[in-house]
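Numbering (UniProt numbering), first residue to last: 1 to 147. Cβ coordinates follow ideal geometry from the N, Cα and C atoms, glycine included.
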């Protein structure tokens, strides 16, 4: 019996920071990193560029409304910072954020993104905002007699 329990509670490394027990039914793998042997002197390691940067954040978008859900689900959405449909927030890869996401996973769309892709609410608004459609070339103030 103890051998059976021992095999069910074996631990695995899911991310570079977190040890999680395999016995948990739901687990969210963030970014698995494997130790690679040291590179020889003739080959150099690739520098951290935006293309191969490690995923460090969850990009969480509320796709379905939580209006008819229970108080616990609504509270979880508020704790994640989601107030309206199609709102996007970013959270670091932490066990707390992963647990909240799993609790309301039917309502969300989640992506793993690197740190350089994280946008604040103001940056998201600026990216969505349309161009003015006109350009100011001058004004009439102080234009009387070219003063």
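Put residue i into one of helix, strand or coil per three-state DSSP.
i: residue 108; result: strand
i: residue 93; result: coil
i: residue 116; result: helix
Around the C-beta of residue i, are 16 or more other C-beta atoms found within 10 angstroms, so that it is buried, or is it exposed?
i: residue 136; result: exposed
i: residue 57; result: buried
i: residue 93; result: buried
i: residue 78; result: exposed
i: residue 60; result: buried
i: residue 66; result: buried
i: residue 104; result: buried
Can you name the start and end residues of the alpha helix (DSSP H) that residue i belongs to?
i: residue 76; result: 71-80
i: residue 125; result: 121-128
Suppose you measure from the CA of residue i to the CA of residue j; what does that come to, to the nearest Å?
i: residue 90; j: residue 113; result: 9 Å
i: residue 87; j: residue 62; result: 6 Å
i: residue 52; j: residue 106; result: 30 Å
i: residue 120; j: residue 75; result: 22 Å
If I follow the unbroken beta strand (DSSP E) through residue i, where does it start and stop?
i: residue 55; result: 55-62
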